[in-house]
Amino acid sequence: MPTVTITEVRNAASLQSDNLRMDVEINHPEYGWIPYTLDPADTDTTIDNAEVMALIGTNFAAYVAPTQAELDEETAANVRAERDNILATVVDPLVSNPLRWAEMTADKQTEWSQYRTDLLDVPQQSGFPNTITWPVKPE
Amino acid sequence: MSQHDFNIANQLFPATRADLNNAFVALASNSSGDAEPGTTYPNQWWYETDTNTLKLRNEANSAWVPICTLDQSSNNVLSITTQGLTLGATAITASGTEINLLDGLTRGSLIYGNASGVTSELVKGAASTVLTSDGTDISWSAGPPTLTRGQIINSNSSGTTVALALGTADQVLTSGGTDISWEDAQSGSTTWGAVGTYTVASYGSSLVSAGSTVSGSSLKTNAYSSGHKRPLTHEWNSGENTSLGVSGTWRNMTGAAVSTQFGKQVNCFWVRIS
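Protein sequence lines correspond, in order, to chains C and S. In terms of numbering that gives the first Met the number 0, the first sequence opens at residue 0 and continues consecutively. In terms of numbering that gives the first Met the number 0, the second sequence opens at residue 0 and continues consecutively.
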């Protein structure tokens, strides 16, 4: 049972094409105007989302789908970020440490060098950024 | 019944005696008769026999003042004709109907002024009702409910006094800003995404100071991917957030300023407040 009644909303904007998910500002009786995300999958019943949706009505900014270029750019950034993270946390602490590097056999050094090169070349893969074949870390 | 002009004429003694006797009878009978006496005097009594009204001649000898009407059948005073009876130094202004309310008052009834300002009888209310005033009139209305253990009295959405039943164990009394109710204490929720849920997450676009609130859609979760363990400093893209159904309003509970990585604010501690 809802325990908070919302009577005012503003600045609603649709987050998806079916307009079932929205960002909106609500005038909360305790917190005042606060940002709020309306989602049909919301498990919380403190606020009656149907009532908030009724308050919004048709007064919301239409959903603007990202272009494929924008999606690709975001995906590419995430892949690079993950690649950088692997370099920073897995590869470089090993290859940049003279003592640990010296402990490796020549074959292992070659494998790790190749692994690092392959990671750096991830953006050059033909399927980048949506189909990535991640290099296999040496044993 | 006799009337006389109270003037003894010059005449022989027997006639004089008869005249005096007639005058005395007229005095004794208050000049009673259907018609007023032919000769009147200031402050003279006259009992009008056809109406059984006792009258007194006014000081100016110009009119009769009705004093009272007698009930000759039951030998009673039927009514006193007056435009203002004074008892002691207090003028009686109540009407006979109003005074009679005192006589016919039923058990438990009250005398009050009704909406027309007329003295009226208010019959007692039903059992357990209480006398209330709306600021204009009084009436009997339902009294406070009889309480059982733990109940409290409050006014419901209709403004009616009602008993609020005891909440279940560990519930707390809360106000929704309009009404009160018993609710489960919010000491953190075990249902993902409900108000009271805590999480560690990133924020997408700009630095958010401690205590600030953001919409659920702007939170970015920290996760694993592609067989490589992603640290908490990594974030999913926005499309993946959607599937998590992050709703509502979240407050940044991170006490100190946090750093950014990959152009995002990461590893903040959030609680859903709405």
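No residue lacks a Cβ here, since even glycine has one placed at the ideal position from N, Cα and C.
Counting contacts by CB-CB distance shorter than 8 Å, is residue i in contact with chain C?
i	result
residue 193 (chain S)	yes
residue 199 (chain S)	no
residue 269 (chain S)	no
residue 182 (chain S)	yes
residue 95 (chain S)	no
residue 167 (chain S)	no
residue 253 (chain S)	no
residue 214 (chain S)	yes
residue 245 (chain S)	yes
residue 190 (chain S)	yes
residue 157 (chain S)	no
Between the options, which has its C-alpha nearest residue i's C-alpha?
i	options	result
residue 91 (chain C)	C:115, C:78, C:109, C:68	C:115
residue 201 (chain S)	S:191, S:41, S:192, S:216	S:216
residue 133 (chain C)	C:4, C:81, C:46, C:48	C:81
residue 130 (chain C)	C:94, C:71, C:85	C:71
residue 142 (chain C)	S:62, S:246, S:28	With chain C represented from 0 up to 138, any question about residue 142 (chain C) goes unanswered, as that position is not in the structure.
residue 28 (chain C)	S:49, S:103, S:174	S:174
residue 8 (chain C)	C:120, C:2, C:26, C:17	C:26
residue 299 (chain S)	S:140, S:116, S:120	Lying outside 0 to 273, the shown extent of chain S, residue 299 (chain S) is not represented and no answer is given.
residue 137 (chain C)	C:110, C:121, C:128	C:110
residue 84 (chain S)	S:76, S:66, S:6	S:66
residue 47 (chain C)	C:99, C:2, C:97	C:2
residue 196 (chain S)	S:115, S:124, S:78, S:269	S:269
residue 143 (chain S)	S:155, S:17, S:160, S:166	S:160
residue 39 (chain S)	S:59, S:13, S:168, S:172	S:59
So with Cβ pairs under 8 Å, would you call residue i a contact of chain S?
i	result
residue 43 (chain C)	yes
residue 62 (chain C)	no
residue 118 (chain C)	no
residue 54 (chain C)	no
residue 22 (chain C)	yes
residue 38 (chain C)	yes
residue 14 (chain C)	yes
residue 97 (chain C)	no
residue 3 (chain C)	yes
residue 128 (chain C)	no
residue 8 (chain C)	no
residue 137 (chain C)	no
State the Cα-Cα distance for the pair residue i and residue j, rounded to the nearest angstrom.
i	j	result
residue 123 (chain C)	residue 108 (chain C)	23 Å
residue 278 (chain S)	residue 36 (chain S)	With chain S covering only 0 through 273, there is no way to say anything about residue 278 (chain S).
residue 193 (chain S)	residue 208 (chain S)	23 Å
residue 163 (chain S)	residue 148 (chain S)	11 Å
residue 50 (chain C)	residue 41 (chain C)	14 Å
residue 134 (chain S)	residue 113 (chain S)	13 Å
residue 271 (chain S)	residue 199 (chain S)	11 Å
residue 214 (chain S)	residue 38 (chain C)	11 Å
residue 136 (chain S)	residue 158 (chain S)	18 Å
residue 130 (chain S)	residue 111 (chain S)	12 Å
residue 248 (chain S)	residue 55 (chain C)	17 Å
residue 234 (chain S)	residue 219 (chain S)	Below a pLDDT of 50, predicted positions are generally treated as unreliable, and residue 234 (chain S), at 49, falls in that range; no measurement from the model is reported.
residue 105 (chain S)	residue 24 (chain S)	49 Å
residue 156 (chain S)	residue 107 (chain S)	33 Å
residue 121 (chain S)	residue 100 (chain S)	11 Å
residue 17 (chain S)	residue 44 (chain S)	22 Å
residue 145 (chain S)	residue 153 (chain S)	13 Å
residue 20 (chain S)	residue 77 (chain S)	31 Å
residue 171 (chain S)	residue 165 (chain S)	10 Å
residue 36 (chain C)	residue 12 (chain C)	10 Å
residue 6 (chain C)	residue 45 (chain C)	14 Å
residue 190 (chain S)	residue 30 (chain C)	23 Å
residue 118 (chain C)	residue 105 (chain C)	20 Å
residue 115 (chain S)	residue 180 (chain S)	43 Å
residue 85 (chain C)	residue 135 (chain C)	12 Å
residue 52 (chain S)	residue 9 (chain S)	34 Å
residue 113 (chain C)	residue 43 (chain C)	50 Å
residue 132 (chain S)	residue 118 (chain S)	17 Å
residue 12 (chain S)	residue 68 (chain S)	39 Å
Indicate, with yes or no, if the ligand FMN has a heavy atom lying under 7 Å from the CB of residue i.
i	result
residue 64 (chain C)	Looking for the ligand FMN in the displayed structure turns up nothing, as the structure carries no ligands at all.
Give me the DSSP bridge partner(s) of residue i.
i	result
residue 27 (chain C)	C:31
residue 153 (chain S)	S:161
residue 54 (chain S)	S:45, S:65
residue 197 (chain S)	S:270
residue 21 (chain C)	C:13, C:37
residue 139 (chain S)	S:130
residue 247 (chain S)	C:36
residue 275 (chain S)	Because chain S is modelled from 0 through 273, residue 275 (chain S) falls outside the range shown and cannot be assessed.
residue 181 (chain S)	S:172
residue 26 (chain S)	BP columns for residue 26 (chain S) are empty, so no partner.
residue 70 (chain S)	S:75
residue 114 (chain C)	According to DSSP, which records beta bridges pairwise, residue 114 (chain C) is partnered with nothing at all.
- Message: Any contact between the segment 57–72 of chain C and the segment 15–27 of chain C? By contact I mean 3 or more CB pairs, one from each, below 8 Å.
- Response: yes
- Message: Using 8 Å as the cut-off, can you tell me whether the segment 63–76 of chain S makes contact with the segment 89–100 of chain S, which would need three or more C-beta pairs spanning the two stretches below that distance?
- Response: no
- Query: Within the chosen definition, does the segment 23–35 of chain S reach the segment 2–10 of chain S through at least 3 CB pairs nearer than 8 Å?
  - Reply: yes
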